[in-house]
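One gets the numbering used here by counting positions in the sequence shown from 1 and adding 457 to each. Glycine included, each C-beta is placed from N, C-alpha and C at the ideal position.
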Amino acid sequence: MMDWIVRGVVALWGIFFGWMGVSGLIDPQTYVDTFGISGDAAAMNTIRADFSAFFLLAGGAACWAALRPEHGKVLLVPIAAFGLALGGRLLGVMLGDPFAGSVRQSIIVEGVSVLLLVGAMLWMGKKHEQKISLSLS
């Protein structure tokens, strides 16, 4: 039962961030509004490409791991992406960047996401090892 709950939570996480990637690909203005960044017409292409790639890659990897838990190590992709983003934000705050509401929110989302995905990856790995040991017995 717990296996299905973990997989469901990871799938919902992946769908949410995958949807963020798709919506930003269609309309990059959503990133400008959501993250409080400024983007002129020339910057929209970069915002569309970079943010969408980040969210689509993370969401896709999470959905794949939820569908195929024996490939739980695929979660290292969004763990690395969100972990690096979290590290960059914390470094920015330590170097004096403004600690506005959107930065606080992003730090919380990235930190919770990393913890959630690390826990899910460890759970999926443990369950997969148990299945292998049972099949060898």
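### Query
Span of the alpha helix (DSSP H) holding residue 504?
Counting along the chain, the unbroken alpha helix (DSSP H) around residue 504 starts and ends at 501 to 524.
### Task
Could I get the ranges of all uninterrupted beta strand (DSSP E) runs contained in the segment 538 to 580, with 3 residues as the minimum, in chain order?
Listed in chain order, the beta strand (DSSP E) runs fully inside the segment 538 to 580 amount to none, counting runs of at least 3 residues.
### Query
Between residue 489 and residue 495, what straight-line distance do the alpha-carbon atoms span, to the nearest angstrom?
6 Å
### Beta-carbon proximity check, residue 531 vs residue 515, cutoff 8 Å
no
### Task
Indicate the three-state DSSP secondary structure (helix, strand or coil) for residue 484 in the structure shown.
coil
### residue 505, buried or exposed, once every other Cβ within 10 Å from all chains shown has been counted against 16
buried
### Task
Kindly list the residues whose CB is nearer than 6 Å to the CB of residue 480, restricted to its own chain and excluding five residues on each side of it in sequence; keep chain order.
487
### Task
Verify whether the separation of the beta carbon atoms of residue 509 and residue 482 is less than 8 Å.
Taking 8 Å as the Cβ cut-off, residue 509 and residue 482 qualify as a contacting pair.
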